[in-house]
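If you want full-length UniProt numbering, it's the position in the sequence shown, counting the first as 1, plus 56. All C-beta atoms in this analysis are idealised placements derived from N, C-alpha and C, irrespective of residue type, glycine included. Written below as structure tokens is the structure these notes are about.
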Amino acid sequence: WPVFAPYIHAINRLKKERGAVILAHNYQTPEIFHCVADITGDSLQLARDATRVDAEIIVQCGVHFMAETSKLLNPQKTVLIPDGLAGCSLSESITGADVRALKERYPGVPVVTYVNTSADVKAETDICCTSSNAVAVVDSLESDTVLCIPDEYLAMNVAKKTNKKILTWKGHCEVHERFTAEELLEYKAADPSIEIVAHPECHPSVLAVSDYAGSTSGMIDYVKTKRPGRVLLVTECSMASNIQAEVPDVNFVKPCNLCPHMKRITLPKILDSLLFMTEEVLVDPAIADRARLAVERMVNLKQ
Ligand code: 13P
Ligand code: SF4
Numbered sequence: 057w058p059v060f061a062p063y064i065h066a067i068n069r070l071k072k073e074r075g076a077v078i079l080a081h082n083y084q085t086p087e088i089f090h091c092v093a094d095i096t097g098d099s100l101q102l103a104r105d106a107t108r109v110d111a112e113i114i115v116q117c118g119v120h121f122m123a124e125t126s127k128l129l130n131p132q133k134t135v136l137i138p139d140g141l142a143g144c145s146l147s148e149s150i151t152g153a154d155v156r157a158l159k160e161r162y163p164g165v166p167v168v169t170y171v172n173t174s175a176d177v178k179a180e181t182d183i184c185c186t187s188s189n190a191v192a193v194v195d196s197l198e199s200d201t202v203l204c205i206p207d208e209y210l211a212m213n214v215a216k217k218t219n220k221k222i223l224t225w226k227g228h229c230e231v232h233e234r235f236t237a238e239e240l241l242e243y244k245a246a247d248p249s250i251e252i253v254a255h256p257e258c259h260p261s262v263l264a265v266s267d268y269a270g271s272t273s274g275m276i277d278y279v280k281t282k283r284p285g286r287v288l289l290v291t292e293c294s295m296a297s298n299i300q301a302e303v304p305d306v307n308f309v310k311p312c313n314l315c316p317h318m319k320r321i322t323l324p325k326i327l328d329s330l331l332f333m334t335e336e337v338l339v340d341p342a343i344a345d346r347a348r349l350a351v352e353r354m355v356n357l358k359q
């Protein structure tokens, strides 16, 4: 990638000079994922790793709620996001005031909030979850009924794996809600050997026709271990590009759905971020302590 080389070189040099670490989500583009990231992973891994980094500066290559989570866990460190407009349709689907209204409507029902939310929402929450631990988090609670918000489909998928009654919200991931069981069955009809590996933000009817469902890292591990001849990753399509080199024997079928928010992060913006120390992610101190508790409860949950 000759066009990227000067950026990669400059970012890696500046990163060392500044003593910064780059955390990148599995949906980042290959030149970020492979050439400048120090740590890659799914939301839970990135949150856990954020508690272990020594560096004083964290550059979060992902969406805003991920950077906010890193800041909550590292209040003394500088957390930068190369584009502060990198949002998330799930995060935007609910506010702290909405959660307060839900708690009034369902008094005493514990609230599990997906990490894909703002700190304001997390502050109203008993415990956070990600796609990789949602069932374990729900089952860790005493109550027979649990509010699992804001992702309706994740909540429906969790409901299938727990005995608890799950109440939810109407938030959806704009990338995963586009996949349908019908289109996946057409792929299967054309080639019955194809394996379908889906993210739990998809509708339950999509998971019903899938061979495996799990977090982004769960999906990667499945492909690396199982080595299907042909596989369809029902998720953001940078993932397949990121792991293709490690599994040259696997043929990825790509119905390409990109997350426009994740794609806001680019090498030039990462370089600017390190050069000018922008955009710094700050969390209102009035909500930070309560939001941090919800994230820490999740990170510390024994699984
Ligand atoms: P993971 O926690 O599985 O990485 O998912 C994050 C996300 O935003 C998926 O759309
Ligand atoms: Fe949010 Fe969906 Fe993008 Fe993930 S893929 S950041 S859930 S909009």
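From the options, pick the residue whose C-alpha is nearest to that of residue i; which is it?
{"i": "Asp105", "options": "Val119, Cys91, Pro86 and Thr125", "result": "Thr125"}
{"i": "Asp110", "options": "Thr218, His90 and Lys133", "result": "Lys133"}
{"i": "Pro62", "options": "Ile78, Trp225 and Glu87", "result": "Glu87"}
{"i": "Lys325", "options": "Asp139, Ser273, Ile95 and Val262", "result": "Asp139"}
{"i": "Ile252", "options": "Leu102, Val77, Ala93 and Gly285", "result": "Gly285"}
{"i": "Ser261", "options": "Thr218, Leu102, Phe235 and Ile150", "result": "Phe235"}
{"i": "Cys258", "options": "Val287, Asp277 and Thr291", "result": "Thr291"}
{"i": "Glu148", "options": "Lys178, Leu79 and Lys280", "result": "Lys178"}
{"i": "His232", "options": "Leu223, Ser271 and Ser196", "result": "Ser271"}
{"i": "Ile137", "options": "Glu230, Ile67, Val115 and Val155", "result": "Val115"}
{"i": "Thr169", "options": "Arg69, Val155 and Asn219", "result": "Val155"}
{"i": "Ala215", "options": "Gly164, Val92 and Asp200", "result": "Asp200"}
Please classify residue i: does DSSP put it in a helix, a strand, or coil?
{"i": "Gln132", "result": "coil"}
{"i": "Gln116", "result": "strand"}
{"i": "Tyr83", "result": "coil"}
{"i": "Gly152", "result": "helix"}
{"i": "Leu141", "result": "coil"}
{"i": "Glu336", "result": "strand"}
{"i": "Gly164", "result": "coil"}
{"i": "Arg104", "result": "helix"}
{"i": "His90", "result": "helix"}
{"i": "Phe235", "result": "coil"}
{"i": "Val109", "result": "coil"}
{"i": "residue 27", "result": "With the chain running from 57 to 359 in the structure shown, residue 27 is simply not present."}
For the beta strand (DSSP E) holding residue i, just list the boundary residues, first then last.
{"i": "Leu203", "result": "Thr201 to Ile205"}
{"i": "Val177", "result": "Note, Val177: premise wrong, no beta strand (DSSP E); alpha helix (DSSP H) at Ala175 to Lys178."}
{"i": "Ala301", "result": "Where Ala301 is concerned, there is no enclosing beta strand (DSSP E), given that its DSSP letter is neither H nor E."}
{"i": "Ile64", "result": "Looking at the DSSP string, Ile64 is not in any beta strand (DSSP E); the run it does join, the alpha helix (DSSP H), is Ala61 to Arg74."}
{"i": "Ile183", "result": "Ile183 to Cys185"}
{"i": "Val167", "result": "Val167 to Tyr170"}
In the DSSP assignment, what residue or residues form a beta bridge with residue i?
{"i": "Gly97", "result": "His81"}
{"i": "Val253", "result": "Tyr268 and Leu289"}
{"i": "Val309", "result": "Leu288"}
{"i": "Gly227", "result": "Asp207"}
Output the distance between the C-alpha atoms of residue i and residue j, rounded to the nearest integer angstrom.
{"i": "Ala76", "j": "Leu338", "result": "17 Å"}
{"i": "Asn189", "j": "Asp176", "result": "22 Å"}
{"i": "Val191", "j": "Cys144", "result": "22 Å"}
{"i": "Asn82", "j": "Ala157", "result": "34 Å"}
{"i": "Gly300", "j": "Leu203", "result": "Position check: residue 300 holds Gln in this sequence, whereas Gly was assumed. Roughly 38 Å separates the two Cα atoms."}
{"i": "Cys184", "j": "Phe60", "result": "37 Å"}
{"i": "Ala342", "j": "Ala264", "result": "43 Å"}
{"i": "residue 49", "j": "Ala245", "result": "Any question about residue 49 goes unanswered here, given that the chain covers just 57 to 359."}
{"i": "Lys226", "j": "Glu73", "result": "45 Å"}
Could you check where the alpha helix (DSSP H) with residue i kicks off and where it finishes?
{"i": "residue 380", "result": "Look at the range of the chain in this structure, 57 to 359, and you will see that residue 380 is not part of it."}
{"i": "Asp195", "result": "Ala190 to Asp195"}
{"i": "Glu198", "result": "Element bounds for Glu198: n/a, residue is neither H nor E."}
{"i": "Leu314", "result": "Leu314 -> no alpha helix (DSSP H), and no H or E assigned at all."}
{"i": "Ala350", "result": "Pro341 to Asn356"}
For a cutoff of 8 Å on Cβ pairs, would you count residue i as touching chain E?
{"i": "Arg234", "result": "Absent here is chain E; the protein component of the structure consists of one chain."}
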